[in-house]
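Have a look at the structure below, then the notes.
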Amino acid sequence: RVKELTVDPTAAGDVRPIMHHPPNQIDDLEAQWGVGSSPQRDDLKLLCEQNEEEVSPQLFTFHEAVSQMVEMEEQVVEDHRAVFQESIRWLEDEKALLEMTEEVDYDVDSYATQLEAILEQKIDILTELRDKVKSFRAALQEEEQASKQINPKRPRAL
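All letters in the sequence shown, in the order written, are residues 14 to 171 by our numbering.
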């Protein structure tokens, strides 16, 4: 059935121009989060192109943003779970380090080196998660603004 959906440039008939949208924050988020084309998004784009009179560009952009939001939310939750699991390991490592300090002649340099490594890892991972959450919250606000700007091109017939 894909053949029916292709456009033959030599065929006469009603050919609608493809809607082009200027780059926006969604495009930036696609690059940052590694999300992009999906079957649902491609289907929505095709539907909007075929029903251009009924679907405003704002509505398409809004649905595109909602789709991106779902993917971003899943990624944030997945990353949060991973950080939570890593935190358990950090606690175990730190407990062992603290127990090391209770020895009479523990290696202070080794203690400091290991603690610094744990702290650097925590800072890096937590900073990355925080940045993703900030980006997600900014996208949520953008989506909220986009939802307020949706106006259908024409009312649908009942």
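Beta carbons: idealized from backbone N, C-alpha and C, even for Gly.
The structure presented is a predicted model; accordingly, all values stated were derived computationally and were not measured.
Query, Result
"Touch test, the segment 105 to 115 against the segment 144 to 157, Cβ-Cβ under 8 angstroms, three pairs minimum", "no"
"Cβ separation of Gln93 and Leu142, assumed to be a contact under 8 angstroms, to the nearest whole Å", "Looking at the sequence shown, residue 93 is not Gln but His. The pair is a contact, with the Cβ atoms about 7 angstroms apart (cut-off 8 angstroms)."
"Ala95 burial status per 10 Å Cβ neighbour count (16 or more: buried)", "exposed"
"Cβ-Cβ distance between Leu128 and Leu139 below 8 angstroms", "no"
"Option in Glu115, Ala78, Asp137, Arg150 with minimal Cα separation from Ser100", "Asp137"
"Status (buried if at least 16 other CB within 10 Å, exposed otherwise) for Ala78", "buried"
"Buried or exposed (CB count within 10 angstroms, at least 16 for buried), Ala130", "exposed"
"Own chain, CB closer than 7 angstroms to Tyr119, minus 5 neighbours either side, in chain order", "Met113"
"Reduced DSSP category for Asp120 - H, G, I as helix; E, B as strand; rest coil", "coil"
"Of the residues Val89, Gln134, Thr126, the one placed nearest Val146, counting alpha carbons only", "Val89"
"Residues near Arg14 by beta carbon distance below 7 angstroms, same chain, minus five either side", "Confidence is the limiting factor: at Arg14 the pLDDT is only 32, short of 50, which leaves the residue's position unreliable, though a coordinate-based value still follows. Excluding residues within five positions, none has a Cβ falling inside 7 angstroms."
"Glu157 - DSSP class collapsed to helix/strand/coil", "helix"
"Three-state class that DSSP yields for Glu115 in the structure shown", "coil"
"Unbroken stretches of the alpha helix (DSSP H), 4 residues or longer, contained in the segment 72 to 109", "none"
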